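Engineer:
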Amino acid sequence: MVALVGIGATAVVYRAEEAGDRIRFENMADESIDRIASRVRKHVALLISTHAFFSAQSGEVSRSAFQRFVGGLELEQEFEGIRGIGYAARISSGEEQTAEMRLQRGYGLDLAVWPDTDQTVRTPIVLLEPFDERNRAALGFDMFSEPRRRAAMQQAVADGTPHASAPVELVQEITETKQAGFLVYIPFWRGGAPRPDTPTAVDGFIYAPFRAGDLHDAALKQMAGDRFVLETNDVTGEKPVRLYQSAGFDHADTLTGMAVTRVMDIVGRDWAFTVRATPAFRSSTRHLYAILIGAISLLLALAFALATRFQIKAVESAHTLHAISEKTVQEKDLMLQEMKHRIKNSIARVLAIARQTAASSETLSDFSTSFSARLNAMANAQDMLTRSHWQRADLEELLKTELEQVFGGARDTDRLNGPKVLLDERTTQALGLTFHELATNALKYGGVASRDGDLDVHWEILGSGRQRRLRIDWVETSPEPIEAPKGRGFGSRLIDANIRGELGGSLEREFPSTGMAVRMVIPVPEGPAPRRKRRGAAQKTPA
């Protein structure tokens, strides 16, 4: 449920971010377009100021006065994109000498009006500042001879307002690096307004040539240009004509799919601005909040899953603890039964040792010394069983300790033979109890306690690896036959539980006429000692 809510929230935030990006992009696109339009209007304002200057001088403006006026405008520093401000005089065909003499007076240049034309009216450029190599190339050019410039001038005269031309290549483009350009014209009448008798008989044109690329770059240089690309087309005619295009424009749309197009009136022409986002537009904060919401939702879902898992674990642990508690109670009952049995056996062993010691002692002092030694041996054996919880025990040492505990130190140990075998903790405990029970039974019921009985214990290793087995033969000899027990007491059940249940081995008992023989076979695989199982497992094996 948490994951589903998180996915839903992430989807909502994702859509909100998409909408926000769209709005942010459109605002950025509108700002870039407004900057370009504002810059054109700013430049047109210069032409209007120049028109006012000409009107104040009644059209009689010398080149030096015009140079000072334009120089004060600081076009190159403050108005990038505009190539200059000029004046084109209107003359009739055949009056070219008037314009050429004006160029001679103003610039000291012997220039002819150019190019040749079939028009009856001509508008050669007679003033153009600032005067540099590019603008020098334009002096004397008859703009009325070129159809697109002529159309713009005619429209400006008809409207009486500034008017831009269609895109052209400026005559100032004298280098290999060329840009599209356009011109803006303001008609000039010496009287300040068209004459009623000849309204179209304009005296000349205040104009400005523009390089479209420089104009766009200057307008957009304060914006993060790597976040979008732009293309500007003049769409006034039947076919759009490109004015400007950013590098990479043709490929940006396929990267983000975000683009807007705006059409604006720019000094009487319709310009279409198309703005497209680049990958940099989204690279810094691309779906940041959606990613955060998704990550937080994932973390919450994970935390909820972990909490649920921990809760399930807690319930399982409670059930396990309850089972362990019940098992502990059962083990405690078994331990109490075993303790009661061992106490009774210990008392019986002490009494038997006392009788055996008394029978073999000639004096009270001998009895006290021998009896004390046997009791100490019993205590030492208990210490060994305690130590076996922490380290491996030697089979022979374990057997000797148990026999000493039961029979005292007088028993002949030469009758114990077999290879050195190290037992793990579990096997040590089980065999210790088994040896204890067998020895106690031999002392209580067999002939080992008498001088005529003997006990032989032999062991050997069978197989290897995981099939490795330990076989132990416990043989009691007695001058009189030992009767097989009629029932199974706790001691016999405990032996079976240890050998068959705890150790997974086999147990065989025989009662020949010479005594009793017990054969035990248990697994003792090579390698690290297995972990000890609880003693409670022994009581699950059928007795």
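Just so we're aligned, residue 758 is where the sequence shown starts under my numbering, counting upward by one. Ideal Cβ placement from N, Cα and C applies to all residues, glycine included. Predicted model only: the values in this text are computed from it and were never measured.
1. Look at the Cβ atom of glutamate 783, then the Cβ atom of valine 1017, and state whether they are nearer than 8 Å.
2. With a Cβ-Cβ cutoff of 8 Å, do aspartate 1211 and arginine 1266 count as a contact?
3. Thinking C-alpha only, which one of Ala958, Leu1156, Gly828 and Ser1054 is nearest valine 1178?
4. Contact check, phenylalanine 967 vs leucine 884 under 8 Å by CB: the rounded distance?
5. By Cβ distance below 7 Å, which residues in the same chain neighbour aspartate 778 in space, the five residues on each side in sequence not counted?
6. Assuming the contact rule is C-beta atoms closer than 8 Å, methionine 1021 and alanine 794 should be a hit. Round their C-beta distance to whole Å, please.
7. What does DSSP give as the partner residues of threonine 1018 in its beta bridges?
8. Can you say whether serine 1235 is buried or exposed, counting buried as having 16 or more other CB atoms within 10 angstroms of its CB?
9. Do proline 881 and aspartate 899 count as a contact pair if the criterion is CB distance below 8 Å?
10. So for arginine 1276, helix, strand or coil by DSSP?
11. Buried or exposed: histidine 1215, going by 16 or more other Cβ atoms within 10 Å of its Cβ?
12. Roughly how many angstroms lie between the CA atoms of glycine 994 and valine 941, to the nearest whole one?
13. Cβ of tyrosine 1001 within 8 Å of Cβ of alanine 937?
14. So, threonine 989 versus histidine 1008, is the Cβ gap smaller than 8 Å?
15. Looking only at its own chain, which residues have a Cβ that is under 8 Å from the Cβ of proline 997, when we skip the five neighbours before and after it?
16. With which residues is aspartate 991 paired in a DSSP beta bridge?
17. Return the chain-ordered list of same chain residues with a C-beta closer than 6 Å to the C-beta of valine 1281, the five sequence neighbours on each side being excluded.
18. Consult DSSP for proline 956 and reduce its assignment to one of helix, strand or coil.
19. Between arginine 1288 and threonine 1185, what straight-line distance do the alpha-carbon atoms span, to the nearest angstrom?
20. Determine the extent of the alpha helix (DSSP H) in which arginine 891 is found, giving its start and end residues.
21. Over what stretch of residues does the beta strand (DSSP E) that includes alanine 869 continue unbroken?
22. Flag isoleucine 882 as yes when its Cβ comes closer than 7 Å to any non-hydrogen atom of the ligand GDP, and as no otherwise.
23. I need the boundaries of the alpha helix (DSSP H) containing aspartate 974, first residue and last residue.
24. Assess, as a yes-or-no matter, whether the segment 808-827 is touched by the segment 1044-1064 under the definition of 3 or more beta carbon pairs within less than 8 Å.
25. Going straight from the alpha carbon of alanine 1037 to that of glycine 1005, what length do you get?
26. Can you list, in chain order, the stretches of the beta strand (DSSP E) that have 3 or more residues and sit fully within the segment 1152-1231?
27. Indicate the three-state DSSP secondary structure (helix, strand or coil) for proline 904 in the structure shown.
28. For the pair the segment 1056-1067 and the segment 822-840, tell me if three or more CB-CB distances fall below 8 Å.
29. Taking tyrosine 845 as part of the beta strand (DSSP E), name the residues at either end of that continuous run.
30. Which residue from Phe1192, Glu1240, Ile1229 and Gly1220 puts its Cα closest to that of tyrosine 1202?
31. Can you find at least 3 beta carbon pairs, one from the segment 906-917 and one from the segment 858-874, that sit closer than 8 Å?
32. Tell me the DSSP secondary structure of valine 1086 in three-state form.
33. So, is phenylalanine 1067 buried or exposed, given that buried needs 16 or more other C-beta atoms within 10 angstroms?
34. Is the CB-CB distance between arginine 840 and alanine 975 below 8 Å?
Structural biologist: Let me lay it out:
1. Pairing glutamate 783 with valine 1017 gives a Cβ-Cβ distance under 8 Å.
2. no
3. When only C-alpha atoms are compared, the closest one is Leu1156.
4. Actually they are not in contact, since the Cβ atoms of phenylalanine 967 and leucine 884 sit about 17 Å apart, beyond 8 Å.
5. Arg1039
6. 6 Å
7. Among the bridge pairs identified by DSSP, threonine 1018 is matched with Thr1031.
8. Taking all protein chains shown into account, serine 1235 has 16 or more neighbouring C-beta atoms within 10 Å of its C-beta and is therefore buried.
9. yes
10. strand
11. Exposed, by the Cβ-count rule.
12. 17 Å
13. At the C-beta level, tyrosine 1001 and alanine 937 come within 8 Å of one another.
14. Result no, Cβ atoms of threonine 989 and histidine 1008 do not sit closer than 8 Å.
15. Asn990, Asp991 and Ala1029.
16. Val998 and Trp1028
17. Arg1225 and Leu1227
18. Here proline 956 scores only 49 on pLDDT, less than 50, and its place in the model should not be relied on; the value that follows carries that caveat. Note: proline 956 maps to coil in three-state DSSP.
19. Any reading at arginine 1288 needs caution, since the residue's pLDDT is 43, under 50, leaving its predicted position unreliable; the model's value is listed next. Cα-Cα distance, rounded: 13 Å.
20. 890-893
21. Here alanine 869 belongs to no beta strand (DSSP E), and DSSP marks it neither H nor E.
22. As far as ligands go, the structure on display features none, and thus does not contain the ligand GDP.
23. 969-977
24. Flag = no, the segment 1044-1064 and the segment 808-827 do not touch.
25. 13 Å
26. 1211-1219
27. helix
28. no
29. Reading off the sequence, residue 845 comes out as alanine, not tyrosine. It spans 842-846 - the beta strand (DSSP E) in which alanine 845 sits, taken as one unbroken run.
30. Glu1240
31. no
32. helix
33. exposed
34. Not closer than 8 Å, so no.
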